[in-house]
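See below for the structure under consideration.
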Amino acid sequence: MPAKGLTVGVRHQPGAAIIDLAGEIDGFAEESLNMAYLEAEGATGKAILLNFAGVEYINSSGIALIVGLLTRARNSGRRLMACGLSEHYVEIFTITRLADFMAVFPDEASALAAVPQGVD
Amino acid sequence: MFGLPRLRRLLTDQYPDGAPPIAHLLDGLARFTGPAWEPEDDVTLVSLQRCPQPAPMTDPKEDGSDHATWRTLAAWSVASEPGNERLTMERVAEVVRGLNLPPKRVERLKTAVAEATLNAMEHGNRFQPHLPVDITVQASHDALAIRIKDCGGGPSGGAAEMPDIEAKLAGRQSPRGWGLFLIEQMVDETRVSADDHEHTLELIMRLGGDADAG
C-alpha cells in the first residue's frame, strides 16, 4: 500500500484560519502540518480550525504532532479547534483528552458558528 | 488519572495464587494517590468480569491443548519499513471480516494493530527492512487474538510512561508516547512475552455478547 501522505491547504474566514487536511497524519506529516500552521498563524484571527474531513488515518505520531500544534496555539493565545473527525477519531481525541483542550465540532459550519465574528 | 491501562497492569501482576485481587488493587490505588488524598466529585465505577483464558501465548501447535479451540486465520510477515503498519491493519481487517465484528470494534482493532506493528518495526527492529515483523491472527468461538512478533529480544526497557496531556502541553512530557496507551485502550487485553531474540505483543479482542456492543 503506497503511502498517501498528507495534503494541506489554508483558507481564511472571518475570525478564523482553516487548515484543510487530507490523507494521513503520521510522522511524515510534520513538515507540511507545521508549514500550514505557520501560514494560518499569520492570519489576524485568533482561531485556527483543523478540518479533518479528508483525513483517513491518524497514528500515535500524528497525535503527537497535533499535541505540538495545540501547545503552540496555547502559548500564543490562539484557539485551536477541530472539525470533520470520523467517529473513531473523535473517540481517540476523547481518550487522549485532546478534546478537553481543543473544541471538536462535527463540521466546519458548526465550528465557525462558535467563532466570535469581527475578531479579525 | 489512575486510568484503565494502569488498572489492567495491576490486574496482570503476579500475586499469591488464590488471593483476591481486590487487596492488590487497593494497594495500587493507595500507592498512586498517596496518604493525603481526598476523593473528588468525579468518581468512575468499574465492574470487572472474570473470563476464561482467552488465548495461549505459546504456539498452539506446541502447546498441544488448544488445537480444537483456536484456529489460525492467517499468518504473514512484513518488512520493517514505514507504511507497512497500514498494510498490516488493512489486511487484519480483511482477515477478520467473516467474524462480523461491529464497525466500531474493527476501527479499534485496526488502530491497535497499526500501533503494535509500528512499535515492532520501530522499537523492536529499528526500522531495519531485512528484519521481519510476524503477524498471526487466531480466533476461537469467543475471542480474537492477533500476535505481533519482532526481533527485539532482551531485557525489557521498563514500564512505559503514562501519557498525560496536561504534562505534554506544559512541556513536562514529550508530545510523543501515545502508542502503547492507544493499543491498551483499543483492545480488551494485551499480553507481552519476550526472550533473548524475540518480543511478542498479543492483542485480545473478545467476540459476541456485550463485548461487541460497541
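Protein sequence lines, in the order shown, are assigned to chains C and P. Take 1 as the starting number for the first sequence in this note's numbering and just add one per residue. Take 1001 as the starting number for the second sequence in this note's numbering and just add one per residue. Glycine included, every Cβ here is placed at the ideal spot set by N, Cα and C.
From the options, residue whose alpha carbon lies closest to that of residue i
i                  : options                                    : result
GLU41 of chain C   : C:ALA29, C:ALA114, C:ILE19, C:GLU30        : C:ILE19
ALA1139 of chain P : P:ALA1075, P:ARG1031, P:ASN1084, P:ILE1022 : P:ALA1075
CYS1151 of chain P : P:THR1088, P:ALA1036, P:SER1193            : P:SER1193
ARG78 of chain C   : C:PHE52, C:ILE63, C:THR94, C:LEU38         : C:LEU38
VAL1113 of chain P : P:HIS1130, P:PHE1127, P:GLY1083, P:ARG1126 : P:GLY1083
VAL10 of chain C   : C:LEU49, C:LYS4, C:ILE92                   : C:LEU49
LEU70 of chain C   : P:ASP1196, P:PRO1175, P:GLY1179            : P:PRO1175
GLY68 of chain C   : P:GLY1171, P:LEU1180, P:GLU1184            : P:GLY1171
ASN75 of chain C   : P:ASP1196, P:LEU1169, P:LEU1007            : P:LEU1169
ALA1079 of chain P : P:PRO1129, P:GLY1028, P:TRP1178            : P:PRO1129
GLU87 of chain C   : C:ARG72, C:ASP107, C:HIS12                 : C:ASP107
PHE1127 of chain P : P:GLY1177, P:ALA1030, P:ALA1036, P:GLU1081 : P:GLU1081
Contacts around residue i, its chain only, beta-carbon distance under 6 Å, and the 5 residues preceding and following it disregarded
i                  : result
SER1065 of chain P : A caution first: SER1065 of chain P carries a pLDDT of 46, below 50, which makes its placement in the model unreliable, though a value can still be read off. Closer than 6 Å at the Cβ level, and outside the excluded window around SER1065 of chain P, lies no residue.
ALA111 of chain C  : LEU49, MET81, CYS83, PHE105
PHE1002 of chain P : PHE1032
THR1072 of chain P : GLN1138
GLU1038 of chain P : none
GLU1085 of chain P : ALA1114, THR1117, LEU1118
GLY1028 of chain P : LEU1010
Whole-angstrom C-beta distance between residue j and residue i, which should lie under 8 Å
i                  : j                  : result
THR1200 of chain P : LYS1149 of chain P : 4 Å
VAL115 of chain C  : ALA16 of chain C   : 5 Å
MET81 of chain C   : ALA47 of chain C   : 6 Å
THR1000 of chain P : ILE1135 of chain P : Nothing in the structure corresponds to residue 1000 of chain P, since chain P is present only between 1001 and 1214.
LEU1109 of chain P : VAL1092 of chain P : 7 Å
GLY5 of chain C    : PHE28 of chain C   : 6 Å
THR1117 of chain P : VAL1133 of chain P : 6 Å
GLY1179 of chain P : GLU1115 of chain P : 5 Å
ASP1196 of chain P : GLY1154 of chain P : 6 Å
LEU65 of chain C   : LEU33 of chain C   : 5 Å
Within chain C, the residues that residue i reaches when beta carbons sit closer than 7 Å
i                  : result
TRP1178 of chain P : SER60, ILE63, ALA64, THR96
GLN1185 of chain P : ILE95
GLU1107 of chain P : HIS88
ALA1114 of chain P : ASN59
Contacts around residue i, its chain only, beta-carbon distance under 7 Å, and the 5 residues preceding and following it disregarded
i                  : result
THR1111 of chain P : LEU1182, MET1186
THR96 of chain C   : ILE63
THR1069 of chain P : SER1140
GLN13 of chain C   : LEU112
Neighbouring residues, chain C, relative to residue i (Cβ below 9 Å)
i                  : result
LEU1182 of chain P : ASN59, SER60, ILE63, ILE92, ILE95, THR96
Cut-off 8 Å between Cβ atoms - residues of its own chain near residue i, not counting five sequence neighbours on either side
i                  : result
GLY54 of chain C   : THR7, ASP20, LEU21, ALA22, GLY23, GLY84
TYR89 of chain C   : PHE52, VAL55, ILE58
GLN1173 of chain P : GLU1161, PRO1163, ASP1164, ALA1167
GLY62 of chain C   : GLU24, ILE25, ASP26, GLY27, ALA29
VAL1096 of chain P : LEU1073, VAL1106, LEU1109, VAL1137, ALA1139, LEU1144
SER1077 of chain P : PRO1132, VAL1133, ASP1134, ILE1135
GLU1198 of chain P : LYS1149, ASP1150, CYS1151, GLY1152, GLY1153
Residue i CB to nearest heavy atom of the ligand SAM below 7 Å
i                  : result
ILE1204 of chain P : In terms of ligand content, the structure shown is empty, and the ligand SAM therefore cannot be addressed.
Contacts of residue i in chain P (Cβ-Cβ under 8 Å)
i                : result
THR71 of chain C : LYS1168, LEU1169, GLY1171, PRO1175
ARG74 of chain C : LEU1169
HIS12 of chain C : Result: empty, since nearest Cβ-Cβ is about 26 Å, beyond 8 Å.
Chain P residues whose Cβ lies nearer than 7 Å to that of residue i
i                 : result
PHE101 of chain C : ILE1165, LEU1169
GLY68 of chain C  : PRO1175
For the segment 1136-1147 of chain P and the segment 1189-1209 of chain P, state whether three or more C-beta atom pairs, one from each stretch, are separated by less than 8 Å. Contact between the segment 1136-1147 of chain P and the segment 1189-1209 of chain P is present, because at least three Cβ pairs lie under 8 Å.
Is the segment 98-109 of chain C touching the segment 1113-1125 of chain P, taking contact as three or more C-beta pairs under 8 Å? As far as the Cβ criterion goes, the segment 98-109 of chain C does not touch the segment 1113-1125 of chain P, which means the pair count is below three.
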